């Protein structure tokens, strides 16, 4: 991989006036801050602070005939370009690559990291905690018995509520 393809910190993302999809991104490679213009759909203001892969001026990127140049894009000077998976690893395309587990200024890995390598650890789901649990299978008799028990419980709650209301309505006379 070319030495001018580095992991940078995303410092700011601003929409470019009059340009629907273009965004002005301020990034830092650990030594200097510079501006990159991008139309990547996953580059959003809420991603500020994350680490993103950038091809600085002079970088040779897969899929481009010549090295990255400083250019005026949408009226803003761009000093590089955000890299997508196709540029880095020849797979997929279209969205900027975030690598939060890599140091600012370091080079991205030579192959796409496995999700486990750069996703925070998540506790395993315990039995009974899943999103979709199988319902307990009941026989007709069990279903009828359960429904009857639920009706009786509702009646008991209703009666208790009625008794409580009646108790509140009766006023004790002082002795």
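Residue numbers (full-length UniProt numbering): 1 to 175. In this text, a Cβ means the ideal position worked out from N, Cα and C, and glycines have one as well. Since this is a predicted model, take the numbers as computed values, not measurements.
Asked: Nearest residue (CA-CA) to residue 86, options 62, 105, 75; Found: 62
Asked: Inter-residue Cα distance where the pair is residue 70 and residue 33; Found: 14 Å
Asked: Inter-residue Cα distance where the pair is residue 111 and residue 139; Found: 54 Å
Asked: Which listed residue (25, 52, 29) has its alpha carbon closest to that of residue 39; Found: 25
Asked: Opening and closing residue of the alpha helix (DSSP H) in which residue 88 lies; Found: 85–89
Asked: Unbroken beta strand (DSSP E) run spanning residue 28, endpoints; Found: 23–28
Asked: Inter-residue Cα distance where the pair is residue 46 and residue 150; Found: 48 Å
Asked: CA-to-CA distance, residue 89 to residue 227, given in whole angstroms; Found: The question about residue 227 has no answer, for the chain in this structure spans 1 to 175.
Asked: Neighbour-count burial assignment, residue 84, 16 or more Cβ in a 10 Å radius; Found: buried
Asked: Span of the beta strand (DSSP E), counted from its first residue to its last, around residue 38; Found: 33–38
Asked: Residues bridged to residue 16 [DSSP beta-bridge criterion]; Found: Per DSSP, none; premise fails for residue 16.
Asked: Cβ pair residue 101, residue 50 closer than 8 Å; Found: no
Asked: Status (buried if at least 16 other CB within 10 Å, exposed otherwise) for residue 27; Found: buried
Asked: Residue of 57, 73, 98, 67 minimising C-alpha distance to residue 79; Found: 57
Asked: Distance between beta carbons of residue 48 and residue 11, contact taken as under 8 Å; Found: 7 Å
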